[in-house]
Amino acid sequence: MDNKLVLTILGSGGGVAKSVLSLLNKAVQDPNNPIYAGIRQVELHLVDKKQKDKTYYEQFIPSVGFLLHQLDLGDLDRFRRYLKDTKTKVVIDVSWADTVEMLQCCDELGVMYINTALENAMVDEKEELEGFTLLERYRIFEENRGRFTHTKAIIGSGMNPGVVQWMVLEMMKQVPDELPLGCFIVEQDDSFYADPSKAKKKTVYSTWSPECFLDEAILNYPMFMKQHMPMFLYHEVYELEFKVSLGGKQFYGCLMPHEEVITLGKAFDMELGFIYRVNDHTTDTIKANLANANDLWNWKHQVLDPLDGELTGSDLVGVLLVYKDKERYMYNVMSNKEVFDEYRTNATYFQVACGIYGALSTLLLDDIPDGVYFVDELLLQTDSGYGQYLSYYMKHFVTGENSGTDGLLLDRLKKI
Numbered sequence: 435m436d437n438k439l440v441l442t443i444l445g446s447g448g449g450v451a452k453s454v455l456s457l458l459n460k461a462v463q464d465p466n467n468p469i470y471a472g473i474r475q476v477e478l479h480l481v482d483k484k485q486k487d488k489t490y491y492e493q494f495i496p497s498v499g500f501l502l503h504q505l506d507l508g509d510l511d512r513f514r515r516y517l518k519d520t521k522t523k524v525v526i527d528v529s530w531a532d533t534v535e536m537l538q539c540c541d542e543l544g545v546m547y548i549n550t551a552l553e554n555a556m557v558d559e560k561e562e563l564e565g566f567t568l569l570e571r572y573r574i575f576e577e578n579r580g581r582f583t584h585t586k587a588i589i590g591s592g593m594n595p596g597v598v599q600w601m602v603l604e605m606m607k608q609v610p611d612e613l614p615l616g617c618f619i620v621e622q623d624d625s626f627y628a629d630p631s632k633a634k635k636k637t638v639y640s641t642w643s644p645e646c647f648l649d650e651a652i653l654n655y656p657m658f659m660k661q662h663m664p665m666f667l668y669h670e671v672y673e674l675e676f677k678v679s680l681g682g683k684q685f686y687g688c689l690m691p692h693e694e695v696i697t698l699g700k701a702f703d704m705e706l707g708f709i710y711r712v713n714d715h716t717t718d719t720i721k722a723n724l725a726n727a728n729d730l731w732n733w734k735h736q737v738l739d740p741l742d743g744e745l746t747g748s749d750l751v752g753v754l755l756v757y758k759d760k761e762r763y764m765y766n767v768m769s770n771k772e773v774f775d776e777y778r779t780n781a782t783y784f785q786v787a788c789g790i791y792g793a794l795s796t797l798l799l800d801d802i803p804d805g806v807y808f809v810d811e812l813l814l815q816t817d818s819g820y821g822q823y824l825s826y827y828m829k830h831f832v833t834g835e836n837s838g839t840d841g842l843l844l845d846r847l848k849k850i
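This note's numbering puts the first residue of the sequence shown at 435, with every later residue one more than the last.
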């Protein structure tokens, strides 16, 4: 590893970026950190379309100097020049820039690349793709990824997608001779303001990008994978709820399309879906507006940021493997209070940052072949220590077994 890592963060003014910065700030001060030697002399470049000022960033990463750039990532020639001029070695992309275009530029220059989700603005602008935008973004990505052979890239490494693929493979490894009938990515995020009177009318609240949340929650149809194929239920997402039991914890969540459902569904012949429960305020808001859900796009959109007001609750993210007569589960739960006290961000964004940290550590420390990997592919095809790295910050995983089963998706269904 060279002494100096030149690291660029795209979308540096957003919520995920500040969690990544906060985490890097800890890493450069910790000689025991796996990537300490690689990043203690990091040259950090922060790129955003509407750049924030220096004092904003200093509250998250006071221990590291950085350079600010204001750049429209739609201008690919300028982005290529930027990569050359800065001699960037690794790009962490938490922007809304087109994934294929960013990869193209990084591949041309041999720059390593990490992102947390598939992005493609063109897909979002086509009305005829409403209901299927994630699948279309995935299709376009798959058509192009084979061209990128001069970079190492890890795609979709946040919490979900990302850490959850590692959880699935970790759980399956424990019982290698028994393939589950189903595998559900599950999330219960009850984060909200400690003072609920802070909530304003005609506002959509989410612990991460409300626009991206609404894309899953009201624009797309509920989707799952079966026999390696995507299946759609022609209902509004919030018309249907599905039961999840994790030992003593139980909740009902909605079925939403997600990257890891597609990639794991391609890899394994079992039923896969993502079941998501957000805070009651947001859930009730969407249910109350199901008949006019498109109006929610025109409401104010607000990230639940602990810097705006104290947050209670936590974010639980995990996996539930379904067998003929039992279920096995693994999850991580982080409380907003604990995360804010140490990292000045919310639980959801910090979980995402742990996945990014796992990917960054893999690129810096592991000898993986050139190519483009989703996290499940990274774990199945290379000798990556991804799980060991992310566990440096995400230490607590709960595992257990249910003695019975609620069955596959349609057995869990409750219509609203």
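Quick reminder that beta carbons are idealized off the backbone N, C-alpha and C, glycines included. Computed from a predicted model, the values in this text were never measured in an experiment.
Using a Cβ-Cβ cutoff of less than 6 Å, which residues in the same chain neighbour MET828 once the five nearest sequence positions on both sides are dropped? Taking the first residue of the sequence shown as 1, we reach residue 828 at position 394. Result list for MET828: ASN766, CYS788, in chain order.
Would you mind stating whether CYS688 and LEU667 have Cβ atoms separated by less than 8 Å? For the purposes of this step, residue 688 is identified with residue 254 of the sequence shown, where counting begins at 1. For the purposes of this step, residue 667 is identified with residue 233 of the sequence shown, where counting begins at 1. No, these two residues do not count as a Cβ contact at 8 Å.
Does LYS523 come out as helix, strand or coil in the three-state DSSP assignment? Reading the sequence shown from its first residue, position 89 is the one you call residue 523. In the structure shown, LYS523 sits in coil (DSSP, three-state: anything other than H, G, I, E or B).
Excluding five sequence neighbours on each side, which residues of the same chain lie with their C-beta closer than 8 Å to the C-beta of SER848? In the sequence shown, counting from the first residue as 1, residue 848 sits at position 414. It is worth fixing the name first, because residue 848 is Lys in this sequence and not Ser. Closer than 8 Å at Cβ, skipping near neighbours: LEU674, GLU675, PHE676, LYS677, TYR686.
May I have the straight-line CA-CA distance separating LEU814 from LEU843, to the nearest angstrom? Counted from its first residue, the sequence shown places residue 814 at position 380. Counted from its first residue, the sequence shown places residue 843 at position 409. C-alpha separation (whole angstroms): 26 Å.
Answer with buried or exposed for LYS488, where buried requires no fewer than 16 other C-beta atoms within 10 angstroms of its C-beta. Taking the first residue of the sequence shown as position 1, residue 488 is located at position 54. When all chains shown are included, LYS488 counts as exposed.
Considering only DSSP beta bridges, list what TYR763 is partnered with. Looking up residue 763 in the sequence shown gives position 329. Note: TYR763 sits in a beta bridge opposite LEU754, GLY834.
In three-state terms, what does DSSP make of GLN396? Within the shown structure, residues of the chain are numbered from 435 to 850, placing residue 396 beyond reach of any answer.
Which runs of the alpha helix (DSSP H) at least 4 residues long sit entirely within the segment 614 to 665? Give them in chain order. 644 to 648
Just verifying my parser: in three-state terms, what is the DSSP assignment at MET768? Translated into positions along the sequence shown, residue 768 becomes position 334. Reduced to three states, the DSSP call for MET768 is strand.
Where does VAL440 sit, in a helix, a strand or coil, going by DSSP? Counted from its first residue, the sequence shown places residue 440 at position 6. If DSSP states are grouped into helix, strand and coil, VAL440 belongs with the strands.
Give every residue of the same chain whose Cβ lies closer than 7 Å to the Cβ of ALA451, excluding the five residues on either side of it in the sequence, and list them in chain order. For this step, residue 451 is matched to residue 17 along the sequence shown. Same-chain partners within the cutoff: ILE443, GLY445, VAL528.
Whole angstroms are fine: how far does the CA of SER453 sit from the CA of VAL695? Within the sequence shown, numbered from 1, the residue matching residue 695 stands at position 261. Within the sequence shown, numbered from 1, the residue matching residue 453 stands at position 19. Distance between the alpha carbons of VAL695 and SER453 is about 25 Å.
Classify PRO465: buried if its beta carbon has 16 or more other beta carbons within 10 angstroms, exposed otherwise. Counting from one through the sequence shown, the residue named residue 465 turns up at place 31. Classification for PRO465: exposed.
In the DSSP output, which residue or residues are listed as bridge partners for ASN549? For the purposes of this step, residue 549 is taken as the residue at position 115 of the sequence shown. For ASN549, which the question treats as bridged, DSSP gives the partners ASP527.
Among all the DSSP beta bridges, which residues are the ones paired with LEU706? Taking the first residue of the sequence shown as position 1, residue 706 is located at position 272. According to DSSP, LEU706 bridges with CYS617, MET659.
Beta-carbon spacing of VAL638, VAL753 below 8 Å: In the sequence shown, the residue the question calls residue 638 occupies position 204. In the sequence shown, the residue the question calls residue 753 occupies position 319. No, the pair does not count as a contact, with Cβ atoms beyond the cut-off.
Can you list, in chain order, the residues of its chain with a C-beta nearer than 6 Å to that of GLU561? Leave out the 5 residues immediately preceding and following it. Position 127 of the sequence shown, counting from 1, holds the residue named residue 561. Cβ within range, chain order: n/a, list empty.
With a threshold of 8 Å on Cβ separation, who are the neighbours of ILE495 within its own chain once the five nearest residues in sequence on each side are excluded? If you number the sequence shown from 1, residue 495 lands on position 61. Residues of the same chain with a CB within less than 8 Å of the CB of ILE495, apart from the 5 flanking positions on each side, are LEU455, SER456, LEU458, ASN459, LEU478 in chain order.
Neighbourhood of PHE575 by C-beta, 7 Å cutoff - its chain only, sequence neighbours within 5 removed: Residue 575 sits at position 141 when you count from the first residue of the sequence shown. Scanning its chain for C-beta atoms nearer than 7 Å, with the 5 sequence neighbours on each side dropped, one finds around PHE575 the residues THR533, VAL534, LEU552, in chain order.
Here's the rule I'm using: 16 or more other beta-carbon atoms within 10 Å means buried, otherwise exposed. How should ALA781 be labelled? The residue labelled residue 781 in the question sits at position 347 within the sequence shown. When all chains shown are included, ALA781 counts as buried.
By Cβ distance, which residues of its chain are closer than 8 Å to LEU563, with the 5 residues on each side in sequence left out? Within the sequence shown, the letter at position 129 stands for residue 563. Closer than 8 Å at Cβ, skipping near neighbours: VAL557, GLU570.
Confirm, please, whether the CB-CB distance from TYR763 to GLY682 is below 8 Å. Translated into the one-based positions of the sequence shown, residue 682 becomes position 248. Translated into the one-based positions of the sequence shown, residue 763 becomes position 329. Not a contact, by the Cβ cut-off of 8 Å.
Could you tell me whether the Cβ atoms of LYS760 and THR697 are closer together than 8 Å? Sequence index remark: in the sequence shown, residue 760 carries index 326 (1-based). Sequence index remark: in the sequence shown, residue 697 carries index 263 (1-based). No, the pair does not count as a contact, with Cβ atoms beyond the cut-off.
Could you have a look at GLY821 and say whether DSSP puts it in helix, strand or coil? The sequence position of residue 821 within the sequence shown is 387, counting from 1. Reduced to three states, the DSSP call for GLY821 is helix.
Give a yes or no on whether the C-beta atoms belonging to VAL609 and THR520 are separated by under 8 Å. For the purposes of this step, residue 609 is taken as residue 175 along the sequence shown, with counting starting at 1. For the purposes of this step, residue 520 is taken as residue 86 along the sequence shown, with counting starting at 1. Taking 8 Å as the Cβ cut-off, VAL609 and THR520 do not qualify as a contacting pair.
Closest to ASP800 by CA distance: which of ALA555, LYS586, ASP509 is it? Along the sequence shown, read from residue 1 onward, the residue named residue 800 stands at position 366. If we check each option's Cα against that of ASP800, LYS586 comes out closest.
Just verifying my parser: in three-state terms, what is the DSSP assignment at GLY747? What you label residue 747 is simply residue 313 of the sequence shown in a count that begins at 1. In this structure, GLY747 counts as coil in the three-state DSSP scheme.
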